[in-house]
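As structure tokens, the structure follows; a few thoughts come after it.
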Amino acid sequence: MNKLLLAALVSGALALPAYAADYTIMAPAAPGGGWDQTARTMQEALQAEGISGNVQVTNVPGAGGTIGLAQFVNQYNANPNALIVGGYVMVGAILTNASPVSLANVTPIARLTGESDVIVVPAASELKTVDDLVAKLKADPGSVSWAGGSAGGVDHIAAGLFAKTVGVDPTTVNYIAYSGGGEALAAVLGGQVTVGISGLGEFDAQIQSGDLRALASTGATRLEGSDIPTLSESGVDLVVENWRMVAAAPGITDEQKAAISADIDKMVHSEAWKAALATKGWADMYLAGADFDTQLAADTEATTAILKDIGLVQ
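Quick note: the sequence shown uses the working numbering, first residue 709, plus one each step.
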């Protein structure tokens, strides 16, 4: 009887899904934003594909993700079940907030997604093209006010690099940082600023309705299904793309890192993940392992340089 019971238990166990791990994913931002959406999309895909049986998402907002990052490093050291999402914005926030912790204190796993910024103006604006914007910026840099996300974030960096690329001192850029996309949108629509710069998702409905005019996108290629020209097509030799990543806790073993990396690799190649990217309009920018480590170091170096040019970092 005992042998039969044991056999039944073993058989039942083998019939259950072999989940690799339960995960807790920290989104170092308030609910609803890009990092939160990334974490919750990961949650859905990991569970839907049977990669993980239980995935929880926590939110720790503040200071461009650096408050959450510090908490993650201190709370989850050597925990192989803890993940954190982040991205290009965090690279700049670490520098501008003089954060005591950085991405060097976690275990980077992979770059996941990306998106281009778009530069928009109100429909009634005198600026019809990128050439018009360049001319106005060169004539009087301070007269062009830019509405975007957090100071030192990808929107701010793109505005500074735009000025630098067209021969304008980036420290003269009149950039106004808003805490949310809705506030920046209202400022542009209300004519309180000259241009808006952010991800397409922030402005798409108003572009479609004709309330805003898109001058250009900042990516290497046009946004899928869009007729918005890139900056490169418009004569400005500049590419700036926001990206989002996932990292694991510090202090994990090589074997634990390999297991997490394998789970993420399964996720990004799954149908659930691909469908989510298509729905949300996110570009697949998957890059893992040593290649991502190299790219992250290069992006950190380049971001440090432009933030010094803008005057946000000494």
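Where a beta carbon is used, it is the ideal one built from N, C-alpha and C, also for glycine.
Please name the residue, chosen from Met798, Phe780, Tyr994, that lies closest to Thr1011 on a Cα-to-Cα basis. Position 303 of the sequence shown, counting from 1, holds the residue named residue 1011. Taking only the C-alpha atoms, the option nearest Thr1011 is Met798.
Member of Ser824, Asn785, Ala818, Asn787 whose CA lies at the smallest distance from the CA of Ile936: Your numbering for residue 936 matches position 228 in the sequence shown. It is Ser824 whose Cα lies nearest to the Cα of Ile936.
Could you tell me which whole alpha helix (DSSP H) segments of length 4 or greater appear in the region 733 to 774? 742 to 756
Are three or more beta carbon pairs between the region 882 to 898 and the region 938 to 947 nearer than 8 Å? no
Beta-carbon separation of Ser807 and Ala771 under 9 Å? In the sequence shown, residue 807 corresponds to position 99, counting from 1. In the sequence shown, residue 771 corresponds to position 63, counting from 1. Yes, these two residues count as a Cβ contact at 9 Å.
Is the Cβ-Cβ distance between Phe911 and Leu920 less than 9 Å? Stepping through the sequence shown from its first residue, residue 911 is reached at position 203. Stepping through the sequence shown from its first residue, residue 920 is reached at position 212. Against a cut-off of 9 Å, the Cβ pair of Leu920 and Phe911 comes out as a contact.
Whose C-alpha, out of Phe780, Ala832, Ile802, is nearest the C-alpha of Gly898? Position 190 of the sequence shown, counting from 1, holds the residue named residue 898. Taking only the C-alpha atoms, the option nearest Gly898 is Ala832.
Just tell me which of Ala729, Ala786, Ala818, Thr746 has its CA closest to the CA of Val763. In the sequence shown, counting from the first residue as 1, residue 763 sits at position 55. Closest option to Val763, Cα to Cα, is Ala729.
Within-9 Å CB hit, Asp1017 to chain D: No chain D appears in the structure shown, which is made up of a single protein chain.
Classification of Ala726 by the beta-carbon crowding that lies within 10 angstroms, buried from 16 upward: Counted from its first residue, the sequence shown places residue 726 at position 18. Interpretation of Ala726 is limited by its pLDDT of 47, a score under 50 that renders its predicted location unreliable; no figure is taken from the coordinates.
Environment of Ala867 [buried if 16+ CB atoms lie within 10 Å]: The residue given as residue 867 occupies position 159 in the sequence shown. Its Cβ being crowded by 16 or more others within 10 Å, Ala867 is buried.
So for Asp840, helix, strand or coil by DSSP? Within the sequence shown, residue 840 is the residue found at index 132, counting from 1. Helix, per DSSP.
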